[in-house]
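Accompanying notes for the structure given below.
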Amino acid sequence: MKKIQMVDLKGQYADIKQEVDTSIQEIIDNTAFINGPKVHQFQKNLENYLGVKHVIPCANGTDALQIAMMGLGLEQGDEVITADFTFAATVEVIALLKLTPVLVDVDPDNFNIDIDAIKKAITPKTKAIVPVHLFGQCANMEAIMQIAKEHNLYVIEDNAQAIGANYTYQDGTKAKAGTIGHVASTSFFPSKNLGCYGDGGAIFTNDDDLAHTIRGIVNHGMYERYRHDVVGVNSRLDSIQAAVLDAKLPHLDNYNQARRDAARKYNAALKDVPQITLPKTVNNCEGICDTCDCHVFHQYTLKLENVDRDALVKYLNSHDIPCGVYYPIPLHKQKAYQDSRYNEADFTVTNQLVKQVISLPMHTELEDDQIEFITTKIKEFIANN
Ligand SMILES: *Cc1c(COP(=O)(O)O)cnc(C)c1O
1 MKKIQMVDLK GQYADIKQEV DTSIQEIIDN TAFINGPKVH QFQKNLENYL
51 GVKHVIPCAN GTDALQIAMM GLGLEQGDEV ITADFTFAAT VEVIALLKLT
101 PVLVDVDPDN FNIDIDAIKK AITPKTKAIV PVHLFGQCAN MEAIMQIAKE
151 HNLYVIEDNA QAIGANYTYQ DGTKAKAGTI GHVASTSFFP SKNLGCYGDG
201 GAIFTNDDDL AHTIRGIVNH GMYERYRHDV VGVNSRLDSI QAAVLDAKLP
251 HLDNYNQARR DAARKYNAAL KDVPQITLPK TVNNCEGICD TCDCHVFHQY
301 TLKLENVDRD ALVKYLNSHD IPCGVYYPIP LHKQKAYQDS RYNEADFTVT
351 NQLVKQVISL PMHTELEDDQ IEFITTKIKE FIANN
């Protein structure tokens with residue numbers, strides 16, 4: 001058996017090496033390092049893939065979120081509602097822009113922002129909602145867009161973990177994650193479902209005016225050379241990263257399929273363990289369904305009951321099985337984001353999840369014997385403790 005890794009980027013590279021190497025060499029030969037033709041080509045290809053009018057590449061997923069909020073013209077004191085159970089980048093940029101983060105609880109089944117909690121958190125100062133499509137499947141976008149419409153709010157999708165996933169509406173129509181809200185951000189961090197070989201990110205929108213504003217913001221607020229109409233930032237995708245991404249984009253659906261296959265095998269091996277709750281796919285689609293691509297398993301995350309989670313992590317690690325706890329601390333309890341207005345009773349799900357969740361190795365190169373070994377060790381631990 002090959003050594004088990006949380007993410008196997010080497011194995012993935014081996015299959016596309018020639019394409020990637022040639023493409024990177026071309027950029028070095030042409031020296032068009034910033035905003036070269038490769039960046040434009042990747043942008044167009046991603047627009048086509050997603051079915052979105054505008055993709056604006058930028059330096060990373062955190063910048064993408066920040067720039068999306070800048071583009072919408074959100075101002076100091078505006079309240080932005082987001083999930084308590086996510087990576088800190090989401091709330092970090094809200095705070096950096098001197099907007100007011102309002103963290104709310106999540107759904108215990110799909111880990112995404114809870115609809116009733118959003119409704120409860122809306123005040124006259126609320127300007128935007130940031131659903132995070134956590135672990136690879138969309139939040140309940142239909143309900144979120146409805147709330148946004150009723151209260152005249154912007155919706156910014158944090159799509160760092162769900163690129164390529166489909167969202168299925170109640171009437172059966174589908175849209176790609178990140179194309180439903182007013183604007184979306186994504187990350188091309190190496191371990192993401194579409195990752196480059198360094199940092200990268202992008203913003204998506206169907207709004208022509210917003211796209212124009214954002215294209216200036218990413219480049220020092222410049223719409224014409226050396227004319228600065230708004231305060232911008234320096235956040236560009238390098239051509240070398242675009243070359244990697246453009247080589248990988250045609251494989252994205254297969255990569256996501258490989259993740260779903262691995263998830264299905266994990267499910268089959270663990271389904272009879274009463275202490276384990278398997279990941280649930282929701283959004284009008286039950287089970288791990290290939291036809292709809294509703295879940296792209298950025299993480300394969302189990303919920304444990306009556307199991308010492310941290311002892312299980314140690315046990316797996318002692319057998320050279322890496323695993324992760326995403327996320328161990330609710331954001332509302334992080335020192336940087338505490339707020340006296342928060343009430344513990346409003347965070348019962350997140351407070352519970354941080355103690356229960358464990359994410360198993362998940363990537364495009366997982367092999368059957370590895371999944372067999374991982375699940376055997378989990379069952380062994382649970383049976384003996
Ligand atoms: C990875 C991630 C980000 C940040 O992306 P970077 O490219 O690392 O800046 C933001 N939000 C979520 C949910 C993420 O998983």
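Per my numbering: the sequence shown = residues 1 to 385. Just so you know, even glycine gets a beta-carbon here, dropped at the ideal spot from N, CA and C.
Does DSSP classify residue i as helix, strand or coil?
i: His151; result: helix
i: Ile329; result: coil
i: Met470; result: The first residue shown for the chain is 1 and the last is 385, placing residue 470 beyond what the model contains.
i: Glu380; result: helix
i: Arg341; result: coil
i: Thr86; result: coil
i: Glu157; result: strand
i: Tyr13; result: helix
i: Glu447; result: The first residue shown for the chain is 1 and the last is 385, placing residue 447 beyond what the model contains.
i: His298; result: coil
i: Arg215; result: helix
i: Gly71; result: helix
i: Ala128; result: strand
i: Ile374; result: helix
i: Glu79; result: strand
i: Lys335; result: helix
i: Leu103; result: strand
i: Leu304; result: strand
i: Ile276; result: strand
i: Leu97; result: coil
Ligand 2 and residue i: does any heavy atom of the ligand fall closer than 7 Å to the residue's C-beta?
i: Ala117; result: In the structure on display, ligand 2 does not appear, and the ligands it does have are ligand 1.
Need the endpoints of the beta strand (DSSP E) that residue i sits in, please.
i: Ile4; result: Element bounds for Ile4: n/a, residue is neither H nor E.
i: Gly201; result: Gly201 to Thr205
i: His174; result: Looking at the sequence provided, one finds Lys at residue 174 rather than His. Where Lys174 is concerned, the enclosing beta strand (DSSP E) stretches over Lys174 to Lys176.
i: Val282; result: Val282 -> no beta strand (DSSP E), and no H or E assigned at all.
i: Tyr197; result: Unbroken run through Tyr197: none, as it is neither H nor E.
i: Asn166; result: Asn166 to Thr168
i: Ala184; result: Val183 to Ser187
Can you list, in chain order, the residues of its chain whose CB lies under 8 Å from that of residue i, leaving out five sequence neighbours each side?
i: Asn206; result: Val52, Lys53, His54 and Thr179
i: Leu74; result: Val80, Leu97, Leu99, Lys127, Ala128 and Tyr154
i: Ile358; result: Thr301, Leu302, Leu304, Arg309, Leu312, Val313, Cys323, Gly324 and Val325
i: Asp246; result: Ser23, Lys38, Gln41, Phe42 and Asn45
i: Tyr315; result: Lys377 and Phe381
i: Thr86; result: Val132, Leu134, Asp158, Tyr327 and Leu331
i: Leu249; result: Phe42, Asn45, Leu46, Tyr49 and Leu194
For the alpha helix (DSSP H) containing residue i, name the first residue and the last one.
i: Ser318; result: Arg309 to Ser318
i: His133; result: Neither: His133 is in no alpha helix (DSSP H) and is coded neither H nor E.
i: Lys120; result: Ile115 to Ala121
i: Ala240; result: Correcting the residue identity first, residue 240 is Ile in this sequence and not Ala. Ser239 to Lys248 is the extent of the alpha helix (DSSP H) around Ile240.
i: Tyr255; result: Leu252 to Leu270
i: Thr348; result: Thr348 to Gln356
Who are the Cβ neighbours of residue i in its own chain at under 7 Å, not counting the five residues just before and after it?
i: Ala258; result: Thr364
i: Cys58; result: Ala64, Ile67, Gly201, Ala202, Ile203, Val218, Ser235, Arg236 and Leu237
i: Val354; result: Tyr327, Pro328, Ile329 and Pro330
i: Ala32; result: Ser239
i: Asp84; result: Leu103, Val104, Asp105, Val106, Pro330, Leu331, His332, Phe347 and Thr350
i: His228; result: His220, Gly221 and Met222
i: Val231; result: Gly221
i: Asn35; result: Arg236
With a threshold of 6 Å on Cβ separation, who are the neighbours of residue i within its own chain once the five nearest residues in sequence on each side are excluded?
i: Tyr197; result: Val244
i: Asn140; result: Ile115
i: Val102; result: Glu79, Ile81 and Ala121
i: Glu47; result: Val55
i: Gly11; result: Glu365
i: Thr277; result: Lys303
i: Gln76; result: Lys98
i: Tyr255; result: Thr364
Would you check if there are 3 or more beta carbon pairs closer than 8 Å linking the segment 77-94 to the segment 330-341?
Touching, yes.
Of all the beta strand (DSSP E) runs that stay within the bounds of the segment 15-68, which reach a length of 3 or more residues?
54-58, all fully within the segment 15-68.
Does the segment 177-192 come into contact with the segment 142-156, if we say contact requires no fewer than three beta-carbon pairs (one atom in each stretch) closer than 8 Å?
Contact between the segment 177-192 and the segment 142-156 is present, because at least three Cβ pairs lie under 8 Å.
Quick one: any contact between the segment 229-236 and the segment 62-77, if contact means 3 or more CB pairs under 8 Å?
Flag = yes, the segment 229-236 and the segment 62-77 touch.
Assess, as a yes-or-no matter, whether the segment 8-26 is touched by the segment 169-177 under the definition of 3 or more beta carbon pairs within less than 8 Å.
Taking 8 Å as the limit for Cβ pairs, the verdict is that the segment 8-26 does not touch the segment 169-177.
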